[in-house]
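Q: Here the numbering used here is used: the first residue of the sequence shown is 4, the next is one more, and so on.
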Amino acid sequence: MGERFLVDAMLGRAGKLLRMMGFDAYIRGNNEPLHRFVERKGFILTSRRRWDEGLWRKVEGRIKVFEQNTPMEEVVVWVLRNFGIPPEERFFSRCIVCNTPVVIPDEIPPLRWVDPSTVRYCPACKKYYWEGSHTRRMRKLIEELIRRAQEGSSLTH
Ligand SMILES: [Zn+2]
4 MGERFLVDAM
14 LGRAGKLLRM
24 MGFDAYIRGN
34 NEPLHRFVER
44 KGFILTSRRR
54 WDEGLWRKVE
64 GRIKVFEQNT
74 PMEEVVVWVL
84 RNFGIPPEER
94 FFSRCIVCNT
104 PVVIPDEIPP
114 LRWVDPSTVR
124 YCPACKKYYW
134 EGSHTRRMRK
144 LIEELIRRAQ
154 EGSSLTH
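Here's what the structure looks like:
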């Protein structure tokens, strides 16, 4: 669970789902050169097949290459099987937009229909999060992915 993931841009949606589950998931920027991306610390998730020799040596042992157009759910299920399922209290503990851990805000904005005890804040984006219909939908999806991860036998890297 301490693992940091480097998610290539084409798997960005999977990266956001990993963040939702509390994983540290860095998503490659649109203009970030590949060599700079792979120099970062972390386990790489990509669907890129072509890597030049030098880069390939740099990423050896810490990369999983998915088939192009792999559904993001399958990417996440693979991570859960190989890196473990995070405890529920980790869910929604990171900003979906920027990956920063969210905090309990000093001041709760006057939001109607929101349970103030669920409000979290991203100090980097200055964005508020709270439990609502969206998080309920996402929790259902997360539960479904965990179920799938537990059903299948463990895969190899
Ligand atoms: Zn943020």
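Glycine included, every Cβ here is placed at the ideal spot set by N, Cα and C.
Count Cβ pairs between the region 14-30 and the region 102-112 that sit closer than 8 Å; are there 3 or more?
A: Because the criterion of three Cβ pairs below 8 Å is met, the region 14-30 and the region 102-112 touch.
Q: What does the alpha-carbon distance come out to for the pair R230 and P108?
A: A query on residue 230 cannot be resolved here, the shown segment of the chain reaching from 4 to 160 and no further.
Q: Might you give, ordered along the chain, the residues of its own chain that have their beta carbon closer than 6 Å to the beta carbon of V100, omitting 5 neighbours on each side?
A: By 1-based counting over the sequence shown, the position of residue 100 is 97. Result list for V100: C128, in chain order.
Q: Using a Cβ-Cβ cutoff of less than 8 Å, which residues in the same chain neighbour H160 once the five nearest sequence positions on both sides are dropped?
A: Indexing the sequence shown from 1 puts residue 160 at position 157. The predicted position of H160 is uncertain, since its pLDDT is 47 and thus under 50; no value can be drawn from it.
Q: Are the CB atoms of A152 and I111 within a distance shorter than 8 Å?
A: On the sequence shown, position 108 is the one that residue 111 refers to. On the sequence shown, position 149 is the one that residue 152 refers to. Cβ distance not < 8 Å, so I111 and A152 don't count as in contact.
Q: Along the chain, where does the alpha helix (DSSP H) that runs through E144 open and close?
A: The sequence position of residue 144 within the sequence shown is 141, counting from 1. Inspection of the sequence shows that residue 144 is occupied by Leu rather than by Glu. Residues S136 to E154.
Q: Are the Cβ atoms of G45 and R7 separated by less than 8 Å?
A: Position 42 of the sequence shown, counting from 1, holds the residue named residue 45. Position 4 of the sequence shown, counting from 1, holds the residue named residue 7. Yes, Cβ-Cβ distance for G45 and R7 is below 8 Å.
Q: Does DSSP put H160 in a helix, a strand or coil?
A: As a working note, residue 160 is residue 157 in the sequence shown. Bear in mind that the predicted position of H160 carries a pLDDT of just 47, short of 50, making it too unreliable to give a figure here.
Q: Hey, could you find the ends of the beta strand (DSSP E) R7 is sitting in?
A: Counting from 1 along the sequence shown, the entry for residue 7 is found at position 4. Run containing R7: R7 to V10, per the beta strand (DSSP E) assignment.
Q: Could you spell out where the beta strand (DSSP E) holding V68 opens and where it closes?
A: Indexing the sequence shown from 1 puts residue 68 at position 65. Run containing V68: I66 to V68, per the beta strand (DSSP E) assignment.
Q: From the DSSP secondary-structure annotation, give me the bridge partner or partners of V106.
A: Within the sequence shown, residue 106 is the residue found at index 103, counting from 1. Paired residues: Y124.
Q: Please return the same chain residues whose Cβ sits closer than 6 Å to the Cβ of Q71, not counting the five positions on each side in sequence.
A: Your numbering for residue 71 matches position 68 in the sequence shown. If we look at Q71 and ignore the five residues flanking it on each side, its Cβ neighbours are S50.
Q: What span of residues does the beta strand (DSSP E) with K130 cover, start to end?
A: Counting from one through the sequence shown, the residue named residue 130 turns up at place 127. Element bounds for K130: K130 to Y132.
Q: Who sits around ligand 1, taking every residue whose Cβ is closer than 7 Å to one of its heavy atoms?
A: Here the list is C98, V100, C101, T103, C125, A127, C128 and K130.
Q: Considering only the alpha carbon of each residue, which of G18, L21 and L9 lies closest to R39?
A: For this step, residue 39 is matched to residue 36 along the sequence shown. Out of G18, L21 and L9, L9 has the C-alpha closest to the C-alpha of R39.
Q: So what does DSSP say about L114, is it helix, strand or coil?
A: Translated into the one-based positions of the sequence shown, residue 114 becomes position 111. Coil.
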